[in-house]
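Last residue of the sequence shown: number 73 in our numbering, and the count goes up by one each step with no gaps.
Built from N, CA and C at the ideal position, the CB exists for glycine as well.
This report refers to the structure that appears directly beneath it.
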Amino acid sequence: MKKNETINQILKKMRNNLTPPKGQTTSIDPKKMARVIEDVEVAKEIIKQKPKPEGNGKEKDK
């Protein structure tokens with residue numbers, strides 16, 4: 012009986028120490044994240060190099 016009581020106490024402590032996850036629950040692969048960051052930087056450079064259209068794009072043809 013002593014052994015069961017000890018196991019129950021351990022389980023009770025474990026249950027009390029459990030907390031729900033906070034924030035992001037999935038892990039992020041650092042290599043994939045690095046590729047994404049690199050892709051974003053390339054996209055920003057491409058956008059900078061594009062010629063800007065004249066006007067604000069709201070002009071109507073007459």
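- In this chain, the alpha helix (DSSP H) harbouring GLU56 covers 41-60.
- Between ILE18 and LYS33, the alpha-carbon positions lie close to 29 Å from each other.
- Annotation for THR30: no alpha helix (DSSP H) segment contains it, and DSSP assigns it neither H nor E.
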